[in-house]
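Peer 1: According to the UniProt record's numbering, the sequence shown is numbered sequentially starting from 1.
Cβ coordinates follow ideal geometry from the N, Cα and C atoms, glycine included.
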Amino acid sequence: MAKRRAVGNPLALAVLSGLLLEPMHPYEMGRRLKETGKDRNIKYNRGSLYMVVEQLRKAGFIAEQETVRDTARPERTVYALTDTGRAELYDWMRELVAVPEHEYPKFGVALSLLGVLEPGEAVELLGQRLVALEHEAAGITADIAGAKAQGVLWVFLIEEDYRLALLDAERRFVTTLIAAIGAPEYVRAWQDAMGEGTPWSADER
Numbered sequence: 001m002a003k004r005r006a007v008g009n010p011l012a013l014a015v016l017s018g019l020l021l022e023p024m025h026p027y028e029m030g031r032r033l034k035e036t037g038k039d040r041n042i043k044y045n046r047g048s049l050y051m052v053v054e055q056l057r058k059a060g061f062i063a064e065q066e067t068v069r070d071t072a073r074p075e076r077t078v079y080a081l082t083d084t085g086r087a088e089l090y091d092w093m094r095e096l097v098a099v100p101e102h103e104y105p106k107f108g109v110a111l112s113l114l115g116v117l118e119p120g121e122a123v124e125l126l127g128q129r130l131v132a133l134e135h136e137a138a139g140i141t142a143d144i145a146g147a148k149a150q151g152v153l154w155v156f157l158i159e160e161d162y163r164l165a166l167l168d169a170e171r172r173f174v175t176t177l178i179a180a181i182g183a184p185e186y187v188r189a190w191q192d193a194m195g196e197g198t199p200w201s202a203d204e205r
C-alpha cells in the first residue's frame, strides 16, 4: 500500500528531484521542467509550483538558502534540499518504481459501462479513438527520434518510451475490442439484453 506523504503532489517529487542537482528559485525550477519535457507528465502552472514549494518548505523538505536581488527582476528566493527532503525523495522514488498502484483512468470507467452503447456506435467511437491513439503515438515517436538526434541520453526519454508502450498496448486492445463488439454474436446478445426497442438502438438515435 502506498505511503501517505506529507506533500503528495507529483510536482513535489519533481521539485525535490530538481533540487538534488543544485539550489534553485521556483522560476528556474519551472524553466527546467519545461526544458527537460517533464511538464508533459506533470501538470502545473506558476501558482501551483509556488504552492508546492511552500508546502515542501513547511514540511522541512526544502529550506530557503538565499534571496537573490536583481535590479531588472523582483527578489527571488533560492531553495535548497534538506537532508529530510533528500530522504523523502529517495523513499518516494523507491516506492513508485517498486510498488504497483491501481489507477483510475477515465477510459477504464467508459469500458466498464460500454454495454449501454449500441454496438455500431461503440465500434464507430472506438475507431475514432484508435485514429487518435495512432496520431499521438506518431507524435511521440517523432519527438523521441528528434531528442535522440540531439544527443539526449536514453534515460531522460524513458517516460516517453513508457507512454509509447502504453499507447501501443491500448491500440492493440482497442483493435481487438472493435472486432469483438462488431461480431454478430455480440450484437445479438446485446439486443437480447437491452431489448429491440431500447432508446440506445441505432434506429432510434
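Within the same chain, show all residues whose beta-carbon is closer than 7 Å to that of T36, passing over the 5 residues directly before and after it, in chain order.
Peer 2: Here the set comprises F156.
Peer 1: Rounded to whole angstroms, what's the CA-CA distance from P10 to P26? Just pull it up for me.
Peer 2: Using only the alpha carbons, I get a separation of about 16 Å.
Peer 1: When you compare each of I158, H135 and E134 to I144 by their alpha carbons, which one comes out closest?
Peer 2: Looking at the Cα atoms, I158 is the closest of the given residues.
Peer 1: My output table needs one value for T67: the three-state DSSP class, helix, strand or coil.
Peer 2: Strand.
Peer 1: Return the chain-ordered ranges of every beta strand (DSSP E) run that is complete within the UniProt domain "Transcription regulator PadR N-terminal" (16 to 89) and spans a minimum of 3 residues.
Peer 2: Fully enclosed beta strand (DSSP E) runs of 3 or longer: 62 to 70 and 73 to 81.
Peer 1: So, is V68 buried or exposed, given that buried needs 16 or more other C-beta atoms within 10 angstroms?
Peer 2: Per the 10 Å Cβ criterion, exposed.
Peer 1: For the segment 48 to 56 against the segment 7 to 22, are there 3 or more C-beta pairs whose distance is under 8 Å?
Peer 2: Yes: the two stretches touch, three or more of their Cβ pairs being nearer than 8 Å.
Peer 1: Let's test the definition: count the other Cβ atoms within 10 Å of the Cβ of G18 and tell me whether it reaches 16, buried, or not, exposed.
Peer 2: Burial call: buried.
Peer 1: From this set, V15, L113, L167 and D192, which residue's C-alpha is nearest L89's C-alpha?
Peer 2: Measuring from the Cα of L89, the nearest candidate turns out to be V15.
Peer 1: Within this structure, are the beta carbons of residue 240 and Q65 separated by less than 8 Å?
Peer 2: Nothing about residue 240 can be read from this structure; the chain reaches only from 1 to 205.
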